[in-house]
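*Asks:* Structure provided below as structure tokens; questions to follow.
Next up, the structure:
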């Protein structure tokens, strides 16, 4: 699996890179900005399987736009987006999933939950906190909605 970690804080990029590499990931690239991330995805010698997008308080207003942009520009590469957030997931997970992210996990979770999220999304699944699985937007994203008719 090849993945990119986008986070403005070096300590998160380095720590998460080490955690993921210790659990079998072949290649991890770290980027501090969305521009660096775009360039890394488009210039990668091998397809990037997963973008882990670190979301902090100052990025809330742009998250929907960023994920939608990522999906529009990088969809041809088969890129999946996992949001790793310091924000309250009950508010922001549905927003991120509806914008096209395939997973949402809190930075405050233990390493097992974060690794489970990386694995699930990299295997083409959807990952959210189990407490959020019944949310209508999450259900629709997972194709489990009874609202279809």
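Residue numbers (UniProt numbering): 1 to 149. Yeah, the Cβ is synthetic: ideal placement off N, Cα and C, and Gly gets one too.
To the nearest angstrom, how far is it from the Cα of residue 51 to the Cα of residue 86?
*Replies:* Going from the Cα of residue 51 to the Cα of residue 86 covers about 17 Å.
*Asks:* Residue range of the beta strand (DSSP E) that residue 27 falls in?
*Replies:* Note, residue 27: beta strand (DSSP E), 27-31.
*Asks:* Apart from the five residues just before and just after residue 122, which ones in its own chain have a Cβ nearer than 6 Å to its Cβ?
*Replies:* Correct list, in chain order: 1, 49, 50.
*Asks:* Does the region 29-37 come into contact with the region 117-131, if we say contact requires no fewer than three beta-carbon pairs (one atom in each stretch) closer than 8 Å?
*Replies:* The region 29-37, when compared against the region 117-131, does not touch it at the 8 Å Cβ threshold.
*Asks:* Within this structure, are the beta carbons of residue 12 and residue 118 separated by less than 8 Å?
*Replies:* No, these two residues do not count as a Cβ contact at 8 Å.
*Asks:* How many angstroms separate the CA atom of residue 36 from the CA atom of residue 130?
*Replies:* Their backbone Cα atoms lie some 32 Å apart in a straight line.
*Asks:* Give the single residue among 99, 108, 106, 107 whose Cα lies nearest to the Cα of residue 140.
*Replies:* Of the listed residues, the one whose Cα sits closest to residue 140 is 99.
*Asks:* Which stretch, first to last residue, makes up the alpha helix (DSSP H) that contains residue 21?
*Replies:* Unbroken alpha helix (DSSP H) run through residue 21: 10-21.
*Asks:* How about residue 132 and residue 101: are their beta carbons less than 8 Å apart?
*Replies:* No.
*Asks:* What span of residues does the beta strand (DSSP E) with residue 55 cover, start to end?
*Replies:* Per DSSP, residue 55 belongs to the beta strand (DSSP E) from 50-55.
*Asks:* Run through DSSP, which three-state label would residue 149 get?
*Replies:* Per-residue confidence for residue 149 stands at a pLDDT of 39, beneath the threshold of 50, marking its modelled position as unreliable; the derived number appears in the next sentence. Coil, per DSSP.
*Asks:* Rounding to the nearest angstrom, what Cα-Cα distance links residue 91 and residue 22 in this structure?
*Replies:* Going from the Cα of residue 91 to the Cα of residue 22 covers about 31 Å.
*Asks:* Can you tell me the Cβ-Cβ gap for residue 53 and residue 82, rounded? I've got them flagged as a contact below 8 Å.
*Replies:* With a Cβ gap of about 7 Å, residue 53 and residue 82 count as contacting.
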